[in-house]
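In full-length UniProt numbering, the protein residues as written are 1 to 223.
Even for Gly, the Cβ is constructed at its ideal location relative to N, Cα and C.
Only a predicted model underlies this, so the values are computations on that prediction, with no experimental measurement involved.
If you want it as C-alpha coordinates, here you go:
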(Lines of atoms letter the chains of each structure in order from A and count residues from 1; the text may use other names and numbers.)
(Lines give C-alpha, C1' and ligand atoms only; values in the text may rest on other atoms or scores of the structure.)
Protein backbone atom coordinates (compact mmCIF):
# COMPACT_ATOMS: atom_id res chain seq x y z
CA UNK A 1 0.00 0.00 0.00
CA UNK A 2 1.79 3.11 -1.29
CA UNK A 3 1.02 6.77 -1.94
CA UNK A 4 3.12 9.26 -3.89
CA UNK A 5 2.92 13.04 -4.19
CA UNK A 6 5.67 14.59 -6.27
CA UNK A 7 8.97 13.72 -4.66
CA UNK A 8 7.19 12.35 -1.58
CA UNK A 9 6.38 8.70 -1.02
CA UNK A 10 4.47 6.88 1.75
CA UNK A 11 4.83 3.11 2.10
CA UNK A 12 3.31 0.54 4.45
CA UNK A 13 5.97 -2.06 5.20
CA UNK A 14 6.27 -5.40 7.02
CA UNK A 15 8.77 -5.86 9.83
CA UNK A 16 11.49 -7.28 7.58
CA UNK A 17 11.46 -4.22 5.30
CA UNK A 18 11.08 -1.52 7.96
CA UNK A 19 14.73 -0.92 8.83
CA UNK A 20 14.65 2.75 7.79
CA UNK A 21 11.65 3.35 10.06
CA UNK A 22 13.41 1.69 12.98
CA UNK A 23 16.53 3.77 12.35
CA UNK A 24 14.43 6.95 12.40
CA UNK A 25 12.75 5.88 15.64
CA UNK A 26 16.12 5.11 17.21
CA UNK A 27 17.46 8.57 16.36
CA UNK A 28 14.28 10.37 17.44
CA UNK A 29 13.42 8.52 20.64
CA UNK A 30 16.66 7.05 21.98
CA UNK A 31 19.64 9.00 20.69
CA UNK A 32 20.47 6.26 18.19
CA UNK A 33 19.86 3.26 20.44
CA UNK A 34 17.57 0.45 19.27
CA UNK A 35 13.82 1.12 19.65
CA UNK A 36 12.42 -2.19 18.33
CA UNK A 37 10.02 -3.90 20.76
CA UNK A 38 7.73 -6.94 20.88
CA UNK A 39 4.80 -5.04 19.37
CA UNK A 40 6.60 -4.40 16.08
CA UNK A 41 6.26 -7.96 14.83
CA UNK A 42 2.46 -7.74 14.73
CA UNK A 43 2.33 -4.34 12.99
CA UNK A 44 2.81 -2.74 9.62
CA UNK A 45 5.21 0.16 9.52
CA UNK A 46 4.40 3.40 7.74
CA UNK A 47 7.44 5.13 6.28
CA UNK A 48 7.26 8.56 4.63
CA UNK A 49 10.21 9.64 2.49
CA UNK A 50 11.24 12.88 0.84
CA UNK A 51 12.98 11.39 -2.17
CA UNK A 52 15.10 8.72 -0.52
CA UNK A 53 15.29 10.51 2.85
CA UNK A 54 13.09 9.05 5.63
CA UNK A 55 11.24 11.93 7.32
CA UNK A 56 8.39 10.29 9.27
CA UNK A 57 7.15 6.92 10.41
CA UNK A 58 4.44 5.25 12.47
CA UNK A 59 3.45 1.78 13.64
CA UNK A 60 -0.04 0.61 12.57
CA UNK A 61 -1.79 -2.45 14.01
CA UNK A 62 -5.30 -3.58 13.07
CA UNK A 63 -6.88 -5.26 16.10
CA UNK A 64 -9.97 -7.04 17.36
CA UNK A 65 -10.83 -7.04 21.08
CA UNK A 66 -8.17 -9.64 21.88
CA UNK A 67 -5.58 -7.68 19.94
CA UNK A 68 -6.43 -4.48 21.81
CA UNK A 69 -6.00 -6.26 25.14
CA UNK A 70 -2.54 -7.44 24.05
CA UNK A 71 -1.44 -4.17 22.46
CA UNK A 72 0.93 -1.41 23.50
CA UNK A 73 -1.74 1.01 24.77
CA UNK A 74 -3.34 -1.65 26.98
CA UNK A 75 -0.15 -1.82 29.05
CA UNK A 76 -1.06 1.59 30.43
CA UNK A 77 -4.87 1.93 30.21
CA UNK A 78 -7.83 -0.35 30.96
CA UNK A 79 -9.49 -0.78 27.56
CA UNK A 80 -12.35 -3.07 28.62
CA UNK A 81 -15.14 -0.60 27.86
CA UNK A 82 -13.33 0.71 24.80
CA UNK A 83 -12.96 -2.73 23.21
CA UNK A 84 -16.61 -3.55 23.95
CA UNK A 85 -17.72 -0.39 22.13
CA UNK A 86 -15.33 -0.65 19.17
CA UNK A 87 -14.87 -4.27 18.01
CA UNK A 88 -12.29 -3.43 15.33
CA UNK A 89 -9.63 -0.77 15.77
CA UNK A 90 -6.41 0.62 14.33
CA UNK A 91 -3.75 1.22 16.97
CA UNK A 92 -1.37 3.97 15.84
CA UNK A 93 1.90 4.31 17.69
CA UNK A 94 5.56 5.30 17.57
CA UNK A 95 4.77 8.32 15.39
CA UNK A 96 7.86 10.40 14.79
CA UNK A 97 9.25 13.08 12.51
CA UNK A 98 12.91 13.35 11.62
CA UNK A 99 14.64 15.92 13.85
CA UNK A 100 14.49 19.29 12.12
CA UNK A 101 11.75 18.26 9.68
CA UNK A 102 9.16 21.03 9.28
CA UNK A 103 7.47 20.22 5.97
CA UNK A 104 3.69 19.85 6.33
CA UNK A 105 3.62 17.35 3.46
CA UNK A 106 4.73 14.54 5.77
CA UNK A 107 1.75 15.13 8.06
CA UNK A 108 -0.61 15.32 5.09
CA UNK A 109 0.62 11.99 3.73
CA UNK A 110 0.38 10.43 7.19
CA UNK A 111 -3.29 11.39 7.44
CA UNK A 112 -3.91 10.18 3.89
CA UNK A 113 -2.38 6.78 4.64
CA UNK A 114 -4.37 6.46 7.87
CA UNK A 115 -7.53 7.21 5.89
CA UNK A 116 -6.61 4.54 3.34
CA UNK A 117 -5.99 1.90 6.02
CA UNK A 118 -9.25 2.78 7.81
CA UNK A 119 -11.22 2.25 4.60
CA UNK A 120 -9.35 -0.89 3.57
CA UNK A 121 -9.61 -2.56 6.98
CA UNK A 122 -13.10 -1.29 7.93
CA UNK A 123 -12.02 -0.21 11.41
CA UNK A 124 -14.32 1.75 13.72
CA UNK A 125 -11.72 3.80 15.56
CA UNK A 126 -8.11 5.00 15.56
CA UNK A 127 -6.38 5.02 18.94
CA UNK A 128 -3.06 5.11 20.74
CA UNK A 129 -0.95 7.15 23.16
CA UNK A 130 -0.17 10.83 22.51
CA UNK A 131 3.08 11.98 24.11
CA UNK A 132 3.88 15.29 25.79
CA UNK A 133 7.00 16.66 27.47
CA UNK A 134 7.42 15.24 30.96
CA UNK A 135 6.43 18.61 32.47
CA UNK A 136 2.99 18.36 30.82
CA UNK A 137 3.23 21.49 28.67
CA UNK A 138 0.10 21.83 26.53
CA UNK A 139 -2.13 19.45 28.47
CA UNK A 140 -4.43 22.24 29.68
CA UNK A 141 -5.92 22.22 26.18
CA UNK A 142 -7.19 18.66 26.66
CA UNK A 143 -9.69 19.38 29.45
CA UNK A 144 -12.64 19.79 27.08
CA UNK A 145 -11.80 16.72 25.01
CA UNK A 146 -12.20 13.96 27.60
CA UNK A 147 -13.65 10.66 26.39
CA UNK A 148 -17.18 9.70 27.49
CA UNK A 149 -17.57 7.24 30.34
CA UNK A 150 -19.24 4.77 27.99
CA UNK A 151 -15.95 3.94 26.29
CA UNK A 152 -13.20 6.02 27.87
CA UNK A 153 -10.24 4.09 29.28
CA UNK A 154 -9.96 3.23 32.93
CA UNK A 155 -6.82 3.67 35.03
CA UNK A 156 -4.26 0.87 34.94
CA UNK A 157 -0.71 2.22 35.17
CA UNK A 158 0.59 2.70 38.69
CA UNK A 159 2.50 5.84 37.73
CA UNK A 160 -0.32 8.13 36.53
CA UNK A 161 -1.44 11.67 37.22
CA UNK A 162 -4.47 13.93 36.61
CA UNK A 163 -4.11 16.00 33.46
CA UNK A 164 -1.74 18.87 34.32
CA UNK A 165 -3.31 22.27 33.67
CA UNK A 166 -0.21 23.64 31.94
CA UNK A 167 -0.68 25.79 28.85
CA UNK A 168 1.31 25.45 25.65
CA UNK A 169 1.02 24.10 22.10
CA UNK A 170 -0.38 20.69 21.27
CA UNK A 171 1.55 18.15 19.20
CA UNK A 172 0.52 18.78 15.56
CA UNK A 173 -0.98 15.35 14.87
CA UNK A 174 -2.96 15.38 18.12
CA UNK A 175 -4.26 18.82 17.22
CA UNK A 176 -5.46 17.38 13.90
CA UNK A 177 -7.08 14.40 15.66
CA UNK A 178 -8.95 16.66 18.09
CA UNK A 179 -10.23 18.82 15.24
CA UNK A 180 -11.70 15.65 13.70
CA UNK A 181 -13.52 14.63 16.90
CA UNK A 182 -10.95 12.70 18.93
CA UNK A 183 -11.15 12.35 22.71
CA UNK A 184 -8.56 11.65 25.40
CA UNK A 185 -8.28 9.98 28.79
CA UNK A 186 -9.02 11.87 31.99
CA UNK A 187 -5.50 11.21 33.25
CA UNK A 188 -1.94 11.01 31.97
CA UNK A 189 0.60 8.23 32.38
CA UNK A 190 4.24 8.84 33.23
CA UNK A 191 6.44 7.06 30.68
CA UNK A 192 9.80 6.63 32.37
CA UNK A 193 11.12 4.68 29.37
CA UNK A 194 10.87 7.68 27.01
CA UNK A 195 10.80 10.42 29.69
CA UNK A 196 7.39 11.72 28.61
CA UNK A 197 3.79 11.95 29.75
CA UNK A 198 1.16 10.42 27.50
CA UNK A 199 -2.60 10.34 27.25
CA UNK A 200 -4.87 7.76 25.67
CA UNK A 201 -6.30 9.22 22.45
CA UNK A 202 -9.08 7.80 20.29
CA UNK A 203 -10.80 9.01 17.14
CA UNK A 204 -14.06 7.16 16.40
CA UNK A 205 -14.60 7.19 12.65
CA UNK A 206 -18.30 7.96 13.17
CA UNK A 207 -17.35 11.13 15.08
CA UNK A 208 -15.59 12.74 12.12
CA UNK A 209 -17.77 15.57 10.74
CA UNK A 210 -18.87 14.87 7.14
CA UNK A 211 -17.02 17.92 5.78
CA UNK A 212 -13.77 16.78 7.42
CA UNK A 213 -14.31 13.23 6.15
CA UNK A 214 -14.59 14.61 2.62
CA UNK A 215 -11.35 16.50 3.21
CA UNK A 216 -9.57 13.27 4.19
CA UNK A 217 -10.95 11.57 1.09
CA UNK A 218 -9.62 14.51 -0.89
CA UNK A 219 -6.15 13.87 0.51
CA UNK A 220 -6.30 10.39 -1.00
CA UNK A 221 -7.42 11.76 -4.35
CA UNK A 222 -4.60 14.33 -4.34
CA UNK A 223 -1.87 11.89 -3.33
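Can you tell which of the options has its C-alpha closest to the C-alpha of residue i?
{"i": "residue 159", "options": "4, 76, 70 and 54", "result": "76"}
{"i": "residue 54", "options": "90, 7 and 61", "result": "7"}
{"i": "residue 171", "options": "205, 191, 149 and 136", "result": "136"}
{"i": "residue 184", "options": "166, 204, 194 and 116", "result": "204"}
{"i": "residue 125", "options": "82, 74 and 52", "result": "82"}
{"i": "residue 60", "options": "4, 49 and 94", "result": "94"}
{"i": "residue 201", "options": "14, 21, 168 and 132", "result": "132"}
{"i": "residue 100", "options": "192, 84, 182 and 56", "result": "56"}
{"i": "residue 140", "options": "168, 148 and 114", "result": "168"}
{"i": "residue 198", "options": "87, 109 and 161", "result": "161"}
{"i": "residue 46", "options": "157, 19 and 72", "result": "19"}
{"i": "residue 215", "options": "190, 152 and 179", "result": "179"}
{"i": "residue 41", "options": "31, 13 and 66", "result": "13"}
{"i": "residue 173", "options": "114, 147 and 151", "result": "114"}
{"i": "residue 3", "options": "105, 151 and 209", "result": "105"}
{"i": "residue 176", "options": "142, 43, 48 and 30", "result": "142"}
{"i": "residue 207", "options": "147, 120, 189 and 190", "result": "147"}
Taking residue i as part of the alpha helix (DSSP H), name the residues at either end of that continuous run.
{"i": "residue 172", "result": "172-180"}
{"i": "residue 26", "result": "19-30"}
Have a look at residue i and residue j and give me their C-alpha separation to the nearest angstrom.
{"i": "residue 36", "j": "residue 24", "result": "11 Å"}
{"i": "residue 78", "j": "residue 154", "result": "5 Å"}
{"i": "residue 112", "j": "residue 166", "result": "31 Å"}
{"i": "residue 163", "j": "residue 123", "result": "28 Å"}
{"i": "residue 213", "j": "residue 117", "result": "14 Å"}
{"i": "residue 187", "j": "residue 107", "result": "27 Å"}
{"i": "residue 70", "j": "residue 145", "result": "26 Å"}
{"i": "residue 157", "j": "residue 74", "result": "9 Å"}
{"i": "residue 149", "j": "residue 63", "result": "22 Å"}
{"i": "residue 88", "j": "residue 65", "result": "7 Å"}
{"i": "residue 85", "j": "residue 91", "result": "15 Å"}
{"i": "residue 67", "j": "residue 38", "result": "13 Å"}
{"i": "residue 193", "j": "residue 134", "result": "11 Å"}
{"i": "residue 182", "j": "residue 196", "result": "21 Å"}
{"i": "residue 72", "j": "residue 211", "result": "32 Å"}
{"i": "residue 191", "j": "residue 49", "result": "29 Å"}
Hey, residue i and residue j: beta-carbon distance below 7 Å or not?
{"i": "residue 96", "j": "residue 28", "result": "yes"}
{"i": "residue 109", "j": "residue 16", "result": "no"}
{"i": "residue 26", "j": "residue 34", "result": "yes"}
For chain C, find out if any of its Cβ atoms is closer than 7 Å to the Cβ of residue i; answer yes or no.
{"i": "residue 128", "result": "Going by chain labels, chain C is absent from the structure shown, which holds only one protein chain."}
Taking residue i as part of the beta strand (DSSP E), name the residues at either end of that continuous run.
{"i": "residue 2", "result": "2-5"}
{"i": "residue 10", "result": "8-13"}
{"i": "residue 160", "result": "160-162"}
Please list the segments of the beta strand (DSSP E) lying wholly inside the stretch 114-142, counting only runs of 3 or more residues, in order along the chain. 125-133
Jot down the residue ranges of each uninterrupted alpha helix (DSSP H) in the stretch 178-206, minimum 4 residues, whole runs only, in chain order. Fully contained in the stretch 178-206 is no alpha helix (DSSP H) run of length 4 or more.
What are the start and end residues of each continuous beta strand (DSSP E) run of 3 or more residues lying completely inside the stretch 34-101, in chain order? 44-50, 53-63 and 89-97
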